[in-house]
Every structure is written in structure tokens, then in C-alpha cells.
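Top to bottom, those sequences are chains S and E.
Under the numbering used here, residue 172 is the last one in the first sequence; the count climbs by one each step, no gaps.
Under the numbering used here, residue 679 is the last one in the second sequence; the count climbs by one each step, no gaps.
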Amino acid sequence: MNWLNYRDRIGALLMLVFSLGYLSQIDNIRLLPFLQGGAFTPRTLPYVLAGLGIILSLLLLFKKPPADDDGITHWKQLHLGQAFLLCLAMVIYGLTVRPLGFVFTTTLFLIAGFIIMGERNWKILLGASLPIAFSFWYLMDQVLNISIQAMPAFLGGGG
Amino acid sequence: MLEGILTGLGTAFQLQNILMVMLGCLAGTFIGMLPGLGPISAIALMIPITYGFDPASGMILMAGVYYGAIFGGSTSSILLNAPGIAGTVASSFDGYPLAKKGFAGKALAIAAYSSFSGGTIAAIILLFAAPSLAIVSLSFQSSDYFALMLLGLCAVAAFAGKGNVIKALLMTVMGLMLATVGLDKSQGVERFTFGSADLYDGIPFLLLAMATFAMGEALMAVLRPKSEADKQKDLANQKNLGSMKLSKAEVREIAPVIGRSSILGFIMGVLPGAGATISSFLAYGAEQRFAGEKGKEFGKGSIRGLAAPETANNAACTGSFVPLLTLGIPGSGTTAIMLGALISYGIQPGPQLYTDNPEIFWSVIISMYFGNVVLLILNLPLIPYIARILAVPSNVLIPMILFFSLVGVYLVSFNTFDIHLMVVFAIAAVVLRLLDFPMAPMLLGFILGGMMEHNLRRSLTIHNDSWSFLWERPLTLSILVVAGLVLAYPLLSSGWQKLRAKRSTLGAGEGG
Chain S
14 MNWLNYRDRI
24 GALLMLVFSL
34 GYLSQIDNIR
44 LLPFLQGGAF
54 TPRTLPYVLA
64 GLGIILSLLL
74 LFKKPPADDD
84 GITHWKQLHL
94 GQAFLLCLAM
104 VIYGLTVRPL
114 GFVFTTTLFL
124 IAGFIIMGER
134 NWKILLGASL
144 PIAFSFWYLM
154 DQVLNISIQA
164 MPAFLGGGG
Chain E
168 MLEGILTGLG
178 TAFQLQNILM
188 VMLGCLAGTF
198 IGMLPGLGPI
208 SAIALMIPIT
218 YGFDPASGMI
228 LMAGVYYGAI
238 FGGSTSSILL
248 NAPGIAGTVA
258 SSFDGYPLAK
268 KGFAGKALAI
278 AAYSSFSGGT
288 IAAIILLFAA
298 PSLAIVSLSF
308 QSSDYFALML
318 LGLCAVAAFA
328 GKGNVIKALL
338 MTVMGLMLAT
348 VGLDKSQGVE
358 RFTFGSADLY
368 DGIPFLLLAM
378 ATFAMGEALM
388 AVLRPKSEAD
398 KQKDLANQKN
408 LGSMKLSKAE
418 VREIAPVIGR
428 SSILGFIMGV
438 LPGAGATISS
448 FLAYGAEQRF
458 AGEKGKEFGK
468 GSIRGLAAPE
478 TANNAACTGS
488 FVPLLTLGIP
498 GSGTTAIMLG
508 ALISYGIQPG
518 PQLYTDNPEI
528 FWSVIISMYF
538 GNVVLLILNL
548 PLIPYIARIL
558 AVPSNVLIPM
568 ILFFSLVGVY
578 LVSFNTFDIH
588 LMVVFAIAAV
598 VLRLLDFPMA
608 PMLLGFILGG
618 MMEHNLRRSL
628 TIHNDSWSFL
638 WERPLTLSIL
648 VVAGLVLAYP
658 LLSSGWQKLR
668 AKRSTLGAGE
678 GG
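Structural data, given as C-alpha cells:
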């Protein structure tokens, strides 16, 4: 097996990259002039953490992986497409919830989610999305007084 | 103390708070029963709902959710062999074989009685232990708190399990790194904000908890769905629960197990980093040794093997409230999220909570006991009906979990940036989960990071920028030494095992 093809080593490498990226940003933390010589500045803890992150990542990278670590051989069996589409739906939800309003966007998000998960029955698609979106909006906006714009902005927003 | 208990009783037994416990236990059982969703996700999903409540009611609801989720997790462990959380994994060792033999009802009843007994015994110990510790901790200084938090983080590594120490430490460091994002509280300078105003206040705790737990677990269920054959098998278990009655002989058999496991569970729960998972495994192992010949039945449907972890995990849940309520230091991922909730109510847990907000301190302790009663008298008879939620298809369930997670965070800030940040964290969490990295240490590091830095800075300011307090104050030094030993323990124990293995090989070689 390839030296790197172990879950531990791939994880270690990702953590190492993250720690190095974190380290590279520390000098961007501005220090107030009169506190520059202090025993503890806003940069102190980040430096310690970056150092720890790098050391621990290297330790994990060069440690012998456990016997049950079979790398990413099983990753082909994962339902990556569905997970990706759900993430995409969430991103779109974030982009549209304000301009299109809560009830409309939530209904669409739930319908899209059900379809991505393989649901094709229209009764379930509509029956489990619109009532939830509306009742959630009603509970928040009308009962708990947390104002949420229910309708699209061009329809006056509502709520 | 008596006055405090009466205040707590008064608050806990207000009609709305009684309803909160009942609602919390029911909601927690529902959520905890869903495979993949544990108490952290259950509590995280509840936080936005409790924003409008007074702190005591909010905490009472969450304590109920906590117990309910643990109980619900046991139910899915027993019926589906799919523990919602690590704390109920040991319950599936004997619970699932019992269900397969047609004793699902009996297994669920044992789980409920054991949880009730474990929780009750631990709540009684907590009643006396927490105030004493709260009084002692009033003399603690910021340097002691810094050392205690460091101990908590080191303990995460010690209890991470063989081969996972470095990963747990890495995740803790990652949590600490994420906690440094935002405006530095003492000097007001930006750290890792990349000029974005959305990051000035740092990463919200709820966002991180929801993304890495509720969303992360839902996405994992999408990535690794159950096979059709497994689904059919589970459905059969849900339909044929069988009798829920226990015979006198069975009660006599599990009673001593419950007594021992309660005390063990409570002690393990108090220790930072240990919590429900470690205590349930320890209790299972200990009882297997105690059982002698009957120990061979463990893993094949032994009622002792089910009672031990079920008792211990509930006792540990109660025990984990000791460091949270008295020191303000969470010992587990779940208590970390409760700490986050308390802070969002404007309440700082710790010794001051005992003196300043006795109604919260005591009402939470009393509702814990009440929560156990509710679980027994309300949830147990409802189990056959509650179990039907397991039949809700994942097609519908997963998008709903994602929606409640998204909206729970969005409704706090009304900032769509948070939704996108959640997706980023959820994807990162899924990748790390696939690589077998534990998530709870990251959450613990994140919540303790800010407090640890704050206490360290205060100590330095008090001591004129001198680090001498680390070795001059005996209490601080003692805690730091313990932290060092706890951190070194996994390394020393694995070194010792290797040495023993080498010696025995050499001995065998010489003998042969």
C-alpha cells in the first residue's frame, strides 16, 4: 500500500497544512505599541497552538498506522453525490432566504432535500415541506415574536 | 444548603418547569433515538428554542433533553444495534442480542430501570458533593482555573482510547485555534478575521456545535446508508418488543450491578474528559470480571451486561455536572454545549453560580432527579409508540435535520454568512469523521480556549507579567503536575506494555 494511503496519515497531512496556514497568518495580528514587549500578547497563544499543531501532526504522520487503517479504499462506496447536492442546496438556501423570503425558500429547500434523498411521492414532497415551513414561521414570527420575512421582497416581505 | 434546596425545589416544581422537564425528556428521547444523533446534537437543536426562556427553565429543559437523549440512544442501541452516541455503544453489546432473542421489551425495561437507578443514586451524591466543591472553589484564583482547564484538556487525551491520543490532542488544539478567531477581548485587536466584519465576534459556539455534530452526523448518514436487509431486521425488532416485565430473580441479579456501576459512573463523570463513554465501558468490563462464570454470557444477551453500562452512563451524565456547575469547567462535549448555553443566557457557571444564582444551581440539580422519574413513568410506557419514529424514512428525516440545524443558527444572528460558514464546517467535520478524528475534543477545546487565555492573562496581570505563579502557588503547581501526569499516562502505559511484551517474549525465548 502507498505510504500515504492511511487515514491517519492523510488526516495528519491535512492538520499540518491547517497548522501551517494558521501560523502564516499570526504576523497579521496587529500589536498595540505599548504592549509589544509584554509577557503575553494576542500573538502568544496562536504561536503556541501553531507549534503544537505542527508537532502533533508530524508525530501522527510518522507514527505507525493501526492495523485496521485501510486508508481510503472504502471511499468509493460512499454516496458522495447525494451529500454534495445537499451541501449545494444549503448554500443556495443561504443565498436565497433573504431575497425570496423564509416560507418560499424553506419549502423549496425541503422539497429539494427530499428529492435528493430519493423521495418521489408528491404527497410527501409537498405535505412534509410547506406545512413545516409555514408552521415554523408562524411559531417564530407570530408566537415568539422573532420577526422573519415570510414572503419574497418583491411581494412586500410579509411577517 | 437547605434554603438553596428549597429554592431549587420551588423553581423546579413550578408548572412551566415541570412541563419543561417532561418536554425535554420526550424531545431528547425522540432525537437521541435517531441513529447518529446524540445528546450534543439534541441540546444544540434546542438552544435556539430556549432563547426566550428564563435561564432556569432553559437549563431544566436541556437537562431533560440530555437524559432523554441518552435513554433514546439506548433504545436505538437495543433495537437497531445503532447507538446514537458513543456512551450507549456498550449497551448494544448485550441489548441487541436480547432484542434478537425476542426480549426487546425486557431489554428496554432493564435499560430504563438501570438508567433511573444510576441517575437517582448519582443525583443524591451530587446533592452533597456539588455544594461542598462550590464552597472550596470560592478560594480558587485565576491561575488555578487556568491550570484546571489545562487539566481538562489533557484528560481528553488520556481518555481518548488506545491509538487515538494524538488525534484527540490535535482536535483539541484545533478547537483552541478556532477559539482565537475574532476580536481579542483584552486588547481589541483582530485575530484571523481576514478583514471580515462577520468574524469580529468570533465563530459562534452554536454554529460550530450544530455544523460538526447535527449536520455532520446527518451527512454521515447520507454517505453511509444502511442496507435494505438491515432495515428489515430492525423493523422486525421494533414490531415485536415482547413483555416489559422483569422477574424477581432478574431484579435480584441486577440490583448489586446497579449499585456498583452507579458509584463508578458518577466518579468517572466527575473526572474531566472521561464521561459517559468511558464509564459505560469500564462498568461493563468490571461487571464481566465480577460475574465469574456468568461473565461468559456477556455479549450474548446478559442482563447484567446491559444493566452495568446503562447505569454507569446515566450516573456519569449526572457526575459531569459537578465540574460544570461548581467550577464552570465542562468535562465533556455535552456539558461544553450546556456551558455555551448558560453563557448565552448571560450566566457564568462556577462557584459564583452557587452564591449568585442559587435558583439555577439547585433547580438544575433537582430537575435532574425529576428527569429520571419522568423518563421512567412517562417514557417507558410510551416506548412502543416512540419507537415508531425509527420507521420515519431517512429520505424525509435528513433534510429536516439539516433544516433545523441551519435555521437554528440563522435565527440567532440573521446573518446568511453563518449558513455558509456552517456548510464549510460541516464538510470539514465529515472529512475528519471519515478519517476517524474525534469531534468532542475540538468542541471542548473551543469552549475552554477563550476562558483559558482569559485566566492566564489575568494571572499574568496580577503577578506583574511574571510567570512565577505557575510554580509559586502550591494549588496551581499541584494541578499542573496532575495535568502533566495525565498527559504522560497514555505514553507511559503504552511504553510499559511494550516493555512487558518484550520481556515476556525474551522469557519465552529463554525458556524454549
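Even for Gly, the Cβ is constructed at its ideal location relative to N, Cα and C.
Please name the residue or residues paired with residue i in a DSSP beta bridge.
i: E/L350; result: E/E357
List the residues of chain E that residue i touches, going by C-beta distances under 7 Å, in chain order.
i: S/Y106; result: L573 and I586
i: S/S148; result: Simply none; closest approach about 13 Å.
i: S/A141; result: V563
i: S/L113; result: Within 7 Å Cβ-Cβ: nothing; S/L113 doesn't reach chain E, min ~12 Å.
Compute the beta-carbon to beta-carbon distance between residue i and residue j, rounded to the nearest angstrom, for a pair I have assumed lies under 8 Å.
i: E/P371; j: E/D632; result: The pair is not a contact, with the Cβ atoms about 32 Å apart (cut-off 8 Å).
i: E/A257; j: E/S447; result: 4 Å
i: E/A381; j: E/S208; result: 4 Å
i: E/I646; j: E/L506; result: The pair is not a contact, with the Cβ atoms about 19 Å apart (cut-off 8 Å).
i: E/T501; j: E/I185; result: Not confirmed; about 23 Å, so no contact.
i: E/S282; j: E/E477; result: 5 Å
i: E/I504; j: E/M316; result: Not confirmed; about 17 Å, so no contact.
i: E/L141; j: S/F53; result: This structure does not reach residue 141 of chain E, given that chain E is present from 168 up to 679, and the question cannot be answered.
i: S/P55; j: E/V356; result: 5 Å
Residues of chain S with CB closer than 9 Å to the CB of residue i, please, in chain order.
i: E/R624; result: F53
i: E/K669; result: Here the premise fails: no neighbours, minimum Cβ distance about 16 Å.
i: E/T217; result: Within chain S, no residue comes near E/T217; the closest Cβ sits about 11 Å away, beyond 9 Å.
Considering just the uninterrupted stretch of the alpha helix (DSSP H) at residue i, what are its terminal residues?
i: E/P298; result: A271 to S304
i: S/P112; result: L93 to L113
i: E/H621; result: A607 to I629
i: E/K412; result: That residue, E/K412, is in no alpha helix (DSSP H); it is neither H nor E in DSSP.
i: E/A482; result: I470 to G486
i: E/K267; result: V256 to K267
i: S/V61; result: T57 to F75
i: S/D21; result: R20 to I39
i: E/I207; result: P206 to M213
i: E/Y521; result: P518 to D523
i: E/R600; result: T583 to L601
i: E/P566; result: S561 to S580
i: S/P144; result: L143 to W150
i: E/P222; result: P222 to L247
i: E/K463; result: Run containing E/K463: none; DSSP gives neither H nor E here.
i: E/S511; result: G500 to S511
i: E/I198; result: L182 to M200
i: S/G131; result: S/G131 -> no alpha helix (DSSP H), and no H or E assigned at all.
Can you pull the chain E residues whose beta carbon is under 9 Å from the beta carbon of residue i, in chain order?
i: S/T86; result: Within chain E, no residue comes near S/T86; the closest Cβ sits about 12 Å away, beyond 9 Å.
i: S/A166; result: Near S/A166 there are no residues of chain E at all, since even the closest Cβ is about 14 Å away, more than 9 Å.
Could you tell me which chain E residues have their CB closer than 8 Å to the CB of residue i, listed as they occur along the chain?
i: S/V110; result: Y577, T583 and I586
i: S/T119; result: F570 and V574
i: S/A96; result: L386, V389, L390 and V597
i: S/S37; result: Simply none; closest approach about 11 Å.
i: S/K76; result: I333
Chain S partners of residue i, CB-CB under 7 Å?
i: E/M435; result: Ordered by position in chain S, no residue passes the 7 Å Cβ test against E/M435, which lies about 25 Å from the chain.
i: E/N562; result: F127, M130, G131 and E132
i: E/I594; result: C100
i: E/L602; result: R20, I23 and G24
What does residue i touch in chain S if you count any residue whose Cβ is under 8 Å from its own?
i: E/K267; result: By Cβ distance, chain S contributes nothing, its closest Cβ being about 26 Å from E/K267, past 8 Å.
i: E/L343; result: L58 and L62
i: E/E620; result: L58
i: E/R358; result: I42, P55 and P59
i: E/W634; result: A52
Could you work out which residues of chain B lie near residue i, taking near to mean beta carbons separated by less than 8 Å?
i: S/G66; result: The structure shown has no chain B; the protein chains it does contain are S and E.
Original post:
Are at least three pairs of beta-carbons, each pair with one atom in the region 225-237 of chain E and one in the region 454-469 of chain E, less than 8 Å apart?
Top reply: Too few Cβ pairs lie closer than 8 Å, so no.
Original post:
Would the region 375-390 of chain E and the region 590-599 of chain E be scored as touching if the rule is three or more Cβ pairs under 8 Å?
Top reply: With a cut-off of 8 Å, the region 590-599 of chain E and the region 375-390 of chain E count as touching, because enough Cβ pairs lie within range.
Original post:
Per the contact definition of three or more C-beta pairs closer than 8 Å, is the region 354-371 of chain E in contact with the region 88-104 of chain S?
Top reply: Under the three-pair Cβ rule at 8 Å, the region 88-104 of chain S does not count as touching the region 354-371 of chain E.
**OP:** Spell out a yes or no on whether the region 31-44 of chain S and the region 619-635 of chain E are touching, meaning 3 or more CB-CB pairs, one atom from each, closer than 8 Å.
**Re:** They do not touch, by the three-pair rule.
**OP:** Examine the Cβ distances between the region 303-311 of chain E and the region 510-519 of chain E and report whether three or more of them are shorter than 8 Å.
**Re:** Segments in contact, yes.
Subject >> Any 3 or more C-beta pairs closer than 8 Å across the region 128-146 of chain S and the region 576-591 of chain E >> reply: The region 128-146 of chain S makes no contact with the region 576-591 of chain E; the number of CB pairs closer than 8 Å stays below 3.
Original post:
Counting pairs of beta carbons, one from the region 536-543 of chain E and one from the region 232-239 of chain E, are three or more of them closer than 8 Å?
Top reply: The region 536-543 of chain E, when compared against the region 232-239 of chain E, does touch it at the 8 Å Cβ threshold.
**OP:** Specify whether the region 142-149 of chain S and the region 87-98 of chain S touch according to this definition: at least 3 beta carbon pairs, one from each stretch, less than 8 Å apart.
**Re:** Result no; under three Cβ-Cβ pairs closer than 8 Å.
Original post:
Contact between the region 527-536 of chain E and the region 285-296 of chain E: three or more CB pairs below 8 Å?
Top reply: As far as the Cβ criterion goes, the region 527-536 of chain E touches the region 285-296 of chain E, which means the pair count is three or higher.
Original post:
Is there contact here, the region 559-569 of chain E with the region 308-317 of chain E, by at least three beta-carbon pairs under 8 Å?
Top reply: Touching, no.
Subject >> the region 344-353 of chain E / the region 313-326 of chain E touching (three or more Cβ pairs under 8 Å) >> reply: The region 344-353 of chain E vs the region 313-326 of chain E: no contact.
Original post:
Does the count of Cβ pairs from the region 150-167 of chain S and the region 108-128 of chain S closer than 8 Å reach three?
Top reply: The region 150-167 of chain S, when compared against the region 108-128 of chain S, does touch it at the 8 Å Cβ threshold.
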